[in-house]
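Asks: Read in order, the letters of the sequence shown correspond to residues 0 to 237 in numbering that gives the first Met the number 0. Sharing a structure here in structure tokens format.
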Amino acid sequence: MKPNDPNIEILQIAAVGLGSLLDDVVFIGGCAAGLLVTDPASSAPRETNDVDVIVEITTTHGYHDLATKLRERGFREDTGDDAPMCRWLFESVVIDVMPTNEDILGFSNLWYPEALQTSEIMTLPNGLKIQIVSAPLFLATKLEAFYGRGNGDYMASHDLEDLIAVLDGRASVVGEVFNSSELLRSYLAAEFNKLINHDEFQDALPGHLSTDAASQARIVIIQDRMMKISKKLTQEAS
Numbered sequence: 000m001k002p003n004d005p006n007i008e009i010l011q012i013a014a015v016g017l018g019s020l021l022d023d024v025v026f027i028g029g030c031a032a033g034l035l036v037t038d039p040a041s042s043a044p045r046e047t048n049d050v051d052v053i054v055e056i057t058t059t060h061g062y063h064d065l066a067t068k069l070r071e072r073g074f075r076e077d078t079g080d081d082a083p084m085c086r087w088l089f090e091s092v093v094i095d096v097m098p099t100n101e102d103i104l105g106f107s108n109l110w111y112p113e114a115l116q117t118s119e120i121m122t123l124p125n126g127l128k129i130q131i132v133s134a135p136l137f138l139a140t141k142l143e144a145f146y147g148r149g150n151g152d153y154m155a156s157h158d159l160e161d162l163i164a165v166l167d168g169r170a171s172v173v174g175e176v177f178n179s180s181e182l183l184r185s186y187l188a189a190e191f192n193k194l195i196n197h198d199e200f201q202d203a204l205p206g207h208l209s210t211d212a213a214s215q216a217r218i219v220i221i222q223d224r225m226m227k228i229s230k231k232l233t234q235e236a237s
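Printed below as a string of structure tokens:
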């Protein structure tokens, strides 16, 4: 966990609000980036204004039951014009509660089911234990999100910024990817191979790090980790 994680406060507020529902949800998205970062020398993750969680729900009835439980815990639905159907408000925090089944709300992420199955337990500073997405699944969900909503803008994408923060700040991530499912390993290897050979990604990479010399010098660390993961595909195919 990054000591200066700017998202700890909203994570803790969300966790307190969810209470007994914490056993059913997994924290993902940008709010989880700082929880996965272990290197104090890496750049701080970006500050986000919402908390994302996923939950295994297979029917519309099940989602309505969850909505009732959220209301009972003081959550209220965000009725703003631009708010997605999954968005809830608790005190000052925006929380997106997303089912793994695409049929429930009409959208999901290819990697949500595996992210739910391979989640890890982490204790927040306030003592609450939460389930968070594993580092390899974090990378996969962020790549999938970028391809779905990034419009090919490598410089402005928060999804790529979050992905880079974890690649930069978690030395164990390469080994964790190697120990992941074959499908996940192959996906990450193939996608990283595309990225490291993509001029627009390489040009955007410095802009996703802090501007100080020490942070910029870590570009080679990120590139090396991506290269090691991408080479895994070649090794397994040979």
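Cβ coordinates follow ideal geometry from the N, Cα and C atoms, glycine included.
Enumerate, from N- to C-terminal direction, the unbroken alpha helix (DSSP H) stretches of 4 or more residues contained entirely within the segment 80 to 151.
Replies: 101 to 104, 111 to 116 and 134 to 148
Asks: Is the beta carbon of Asn108 within less than 6 Å of some heavy atom of the ligand COA?
Replies: In terms of ligand content, the structure shown is empty, and the ligand COA therefore cannot be addressed.
Asks: Enumerate in chain order the residues of its own chain whose CB-to-CB distance from Ile7 is below 6 Å, with the five nearest sequence positions on each side excluded.
Replies: As a first step, residue 7 must be located in the sequence shown, where it is residue number 8. Once the five neighbours on either side are set aside, Ile7 has no close Cβ partner at all.
Asks: Work out the CA separation of Gly28 and Ala14 for me, nearest whole Å.
Replies: Here the question's residue 14 lines up with position 15 in the sequence shown. Here the question's residue 28 lines up with position 29 in the sequence shown. Taking the straight line from one Cα to the other gives about 15 Å.
Asks: Smallest Cα separation from Leu136: which of Asp102, Gly126 and Leu182?
Replies: Here residue 136 refers to the residue found at position 137 of the sequence shown. Ranking Asp102, Gly126 and Leu182 by Cα distance to Leu136 puts Leu182 first.
Asks: Using a 10 Å radius around the Cβ and a threshold of 16 neighbouring Cβ atoms, would you call Tyr146 buried or exposed?
Replies: Taking the sequence shown and counting its residues from 1, the one referred to as residue 146 is at position 147. Of the residues assessed, Tyr146 falls on the exposed side of the cut-off, its CB having fewer than 16 other CB atoms within 10 angstroms.
Asks: Is the beta carbon of Glu190 sitting closer than 7 Å to the one on Tyr153?
Replies: One-based indexing of the sequence shown puts residue 190 at position 191. One-based indexing of the sequence shown puts residue 153 at position 154. No, they are not a contact pair.
Asks: Please report the Cβ distance between Ser133 and Glu119, rounded to the nearest whole angstrom; I am assuming they are in contact, meaning their Cβ atoms lie under 8 Å.
Replies: Position 134 of the sequence shown, counted from the start, is the residue given in the question as residue 133. Position 120 of the sequence shown, counted from the start, is the residue given in the question as residue 119. At roughly 6 Å, the Cβ-Cβ gap stays under 8 Å, so Ser133 and Glu119 are in contact.
Asks: Write down the C-beta distance between Pro83 and Asp95 rounded to the nearest angstrom, noting that I regard them as a contact closer than 8 Å.
Replies: Against the sequence shown, residue 83 aligns to sequence position 84. Against the sequence shown, residue 95 aligns to sequence position 96. Confirmed, Cβ separation roughly 7 Å.
Asks: Do the segment 167 to 187 and the segment 123 to 130 meet, that is, are 3 or more Cβ pairs less than 8 Å apart?
Replies: Fewer than three pairs of CB atoms, one per stretch, sit closer than 8 Å, so the segment 167 to 187 makes no contact with the segment 123 to 130.
Asks: Figure out for me which residue from Ser156, Leu69 and Thr57 has the closest Cα to the Cα of Tyr111.
Replies: By 1-based counting over the sequence shown, the position of residue 111 is 112. Checked all of Ser156, Leu69 and Thr57; the closest Cα to Tyr111 is Thr57.
Asks: Specify, as a first and last residue, the run of the alpha helix (DSSP H) that Phe163 falls within.
Replies: If you number the sequence shown from 1, residue 163 lands on position 164. Note that residue 163 is Ile in the sequence shown here, rather than Phe. Note, Ile163: alpha helix (DSSP H), His157 to Gly168.
Asks: Does the beta-carbon of Asn3 have 16 or more other beta-carbons within 10 angstroms, so that it is buried, or is it exposed?
Replies: Taking the first residue of the sequence shown as position 1, residue 3 is located at position 4. With fewer than 16 Cβ atoms within 10 Å of its Cβ, Asn3 is classed as exposed.
Asks: Pull the bridge partners of Val50 from the DSSP assignment, please.
Replies: Locating residue 50 in the sequence shown gives position 51, where the first residue counts as 1. DSSP, once it has assigned bridges, lists Ile94 as partnering Val50.
Asks: Could you work out which residue in His197, Leu194, Ile228 and Asp161 is closest to Val36 when comparing CA atoms only?
Replies: For the purposes of this step, residue 36 is taken as the residue at position 37 of the sequence shown. Looking at His197, Leu194, Ile228 and Asp161, the one whose alpha-carbon comes closest to that of Val36 is Asp161.
Asks: With Phe191 as the anchor, note down where its beta strand (DSSP E) starts and where it stops.
Replies: Walking along the sequence shown from the start, residue 191 turns up at place 192. Run containing Phe191: none in the beta strand (DSSP E); it sits in the alpha helix (DSSP H), Glu181 to Ile195.
Asks: Look at the alpha carbon of Gly206 and the alpha carbon of Leu123, and state the distance between them as a whole number of angstroms.
Replies: Here residue 206 is taken as the residue at index 207 of the sequence shown, counted from 1. Here residue 123 is taken as the residue at index 124 of the sequence shown, counted from 1. Using only the alpha carbons, I get a separation of about 30 Å.
Asks: Can you round the beta-carbon distance between Ile228 and Val176 to whole angstroms, since I take them to be within the 8 Å contact cut?
Replies: What you label residue 228 is simply residue 229 of the sequence shown in a count that begins at 1. What you label residue 176 is simply residue 177 of the sequence shown in a count that begins at 1. Correct: roughly 5 Å between the Cβ atoms.
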